[in-house]
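First up is the structure itself, then whatever we jot down about it.
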Amino acid sequence: MRAVIAAEPGGPEVLSVGELPDPTPAPGEVVLRVAAAGLNRADLLQRQGFYPPPPGASDVIGMECSGTVAAVGEGVDGWSVGDEACALLAGGGYAEQVAVPAGQLMPVPAGVDLVTAAALPEVAATVWSNVFMVAGLKPQETVLVHGGAGGIGSFAIQLAHQLGARVATTAGTPDKLAACAALGADITIDYHEQDFVEVLREATDGHGADVILDNMGAKYLQRNVDALATEGRLVIIGMQGGTRGELDINALLRKRGAVIATNLRGRPTEEKSAICASVVEHVWPLVTEGLVQPVVHGTFPLAEAAAAHALMESGDHSGKILLTL
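Quick note: the sequence shown, position 3, residue 3 per UniProt numbering, numbers continuous.
Okay, here's the thing in structure tokens:
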């Protein structure tokens, strides 16, 4: 099969298409013939040599894909050759075929085409598991979503809005802020020009955010705590702003707040399967109704993976970038 191979750690130019053996399904696995694969920030880190796949996972980059079932392993029920699906992966998505634990396979929601479905698994599983399963966002609460124009941010805005929360978000350009507002954001904040803590306090009459979904890490740590409401929950899912920060424990104690850091890729298959099942139960109906949709910036052929990575690194995109086969 064709697959994107990183010759060595480095920039986008290290990516090229080569040949690898076709995967075969182990017991409990399904092999998908890939139609499209979604790009994620973690893919850039893996290409640079900073984020290796979990033990036993494919070295090929790619944490989500969509496609058609090509083979079914022993002990798998509910999936047959020819079924269309999208999948949450530990690796292997940038290839013509990939082996997936059956529990991490999800049906393509009605009304979503097979290529676009590749934009769903990571964003849906990340947002649902962190904002709702972990942080317990409730209707009428306020959630602050950092990076609202990205794939995860754009999905978080829509899902929180549809489930009755008040949504604040940060973005870096007027066009991106307008796009966030169109998706359902009630409060939009230009992180270049405005202090999100001050804007949020003013917009919420001093209440702050009950939940914050943060992709920045260290750079925003103390300001995020400052922006929390009493009994607020800060969920850190990324480290774009660094890995080490200083935390004012007294400020957190006064608010009876919580700081939670999670990742999805390294979790055991059983946990990821439970998240996928919950996504299908709770999120897919909203996608099917057209109330929540993946935002796709554009697609690139598999052979142009380097160009797709360069675009993601530039930040000159909104929503998801997909590789197509």
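All residues carry an ideal CB built from backbone N, CA and C; glycine is no exception.
Predicted model, so just to flag it, every value in this text is computed and none were measured.
Per-residue DSSP class, three states only, for residue i
| i | result |
| --- | --- |
| G217 | helix |
| S80 | coil |
| H309 | helix |
| D226 | helix |
| I187 | strand |
| M133 | helix |
| I212 | strand |
| V69 | strand |
| Q240 | coil |
| I61 | coil |
| G232 | strand |
Element boundaries [beta strand (DSSP E), containing residue i]
| i | result |
| --- | --- |
| V279 | Unbroken run through V279 is the alpha helix (DSSP H), T269 to H282; no beta strand (DSSP E). |
| F300 | V296 to P301 |
| residue 412 | As shown, the chain starts at 1 and ends at 325. That puts residue 412 outside it, with no answer to give. |
| A168 | R166 to A171 |
| Q46 | Premise fails: Q46 lies in the alpha helix (DSSP H), R41 to R47, not in any beta strand (DSSP E). |
| R2 | R2 to A6 |
Span separating the alpha-carbon of residue i from that of residue j
| i | j | result |
| --- | --- | --- |
| A185 | F132 | 17 Å |
| T262 | D226 | 21 Å |
| P23 | G91 | 13 Å |
| residue 357 | A156 | Here the chain comprises residues numbered 1 to 325, so residue 357 is not present and cannot be evaluated. |
| I212 | L302 | 35 Å |
| V306 | L39 | Here the sequence assigns Ala to residue 306, which means Val is not the residue at that position. For A306 and L39, the distance between alpha carbons rounds to 11 Å. |
| G208 | G147 | 18 Å |
| E289 | C180 | 20 Å |
| Q46 | P121 | 19 Å |
| A171 | A149 | 6 Å |
| G266 | P54 | 6 Å |
| E271 | V134 | 13 Å |
| V4 | A124 | 25 Å |
| L291 | Q162 | 7 Å |
| T269 | Y94 | 20 Å |
| D77 | A229 | 45 Å |
| T188 | S318 | 15 Å |
| A218 | D190 | 19 Å |
| G238 | L264 | 11 Å |
| G206 | L200 | 8 Å |
| L311 | K320 | 11 Å |
| P107 | H282 | 13 Å |
| E74 | P25 | 8 Å |
| A85 | E202 | 44 Å |
| T173 | G315 | 11 Å |
Where the alpha helix (DSSP H) containing residue i begins and where it ends
| i | result |
| --- | --- |
| K320 | Taken as a continuous stretch (DSSP letters only), K320 belongs to no alpha helix (DSSP H), being part of the beta strand (DSSP E) at K320 to T324. |
| A251 | I249 to K255 |
| P121 | P121 to V127 |
| A203 | F196 to A203 |
| residue 326 | A question about residue 326 goes unanswered here, because the residues of the chain that appear run from 1 up to 325. |
Interface flag, residue i vs chain D, CB-CB below 8 Å
| i | result |
| --- | --- |
| G111 | Reference to chain D is not applicable here, since this structure consists of a single protein chain. |
Spatial neighbours of residue i in its chain, beta-carbon cut-off 7 Å, leaving aside the 5 residues before and after
| i | result |
| --- | --- |
| V100 | E29, V30, L32, A87 and L89 |
| V127 | I152, F155, A156 and L159 |
| P139 | L163, G164 and A165 |
| T204 | T142 |
Reference residue i, options the options, closest by Cα
| i | options | result |
| --- | --- | --- |
| V115 | E281, S80, A36 and T288 | A36 |
| T152 | G11, D77, I189 and V296 | For the record, residue 152 in the displayed sequence is Ile; it is not Thr. Residue V296 is the option with its Cα nearest to I152. |
| E8 | G164, L44, A26 and R2 | L44 |
| L137 | V112, V167 and V123 | V167 |
| G103 | L253, A229 and P27 | P27 |
| V98 | G232, E304 and V60 | V60 |
| P12 | A110, E304 and G315 | E304 |
| S273 | N215, L325 and S129 | S129 |
| A119 | G242, T142 and V34 | V34 |
| P52 | A6, E96 and A85 | A6 |
Beta-carbon contacts of residue i that lie in its chain and below 6 Å, excluding the five residues immediately before and after
| i | result |
| --- | --- |
| V259 | L234 |
| G257 | L228 and G232 |
| I275 | A125 and S129 |
| Q251 | Position check: residue 251 holds Ala in this sequence, whereas Gln was assumed. Hits under 6 Å: V225. |
| V72 | V30 and W79 |
Close-in-space but distant-in-sequence residues of the same chain around residue i (CB under 8 Å, 5 per side omitted)
| i | result |
| --- | --- |
| G82 | T68 and V69 |
| L247 | L221, Q222, V225 and V259 |
The ligand NAP heavy atom lying under 7 Å from the CB of residue i
| i | result |
| --- | --- |
| I61 | Among the components of this structure there are no ligands whatsoever, and the ligand NAP is therefore not found. |
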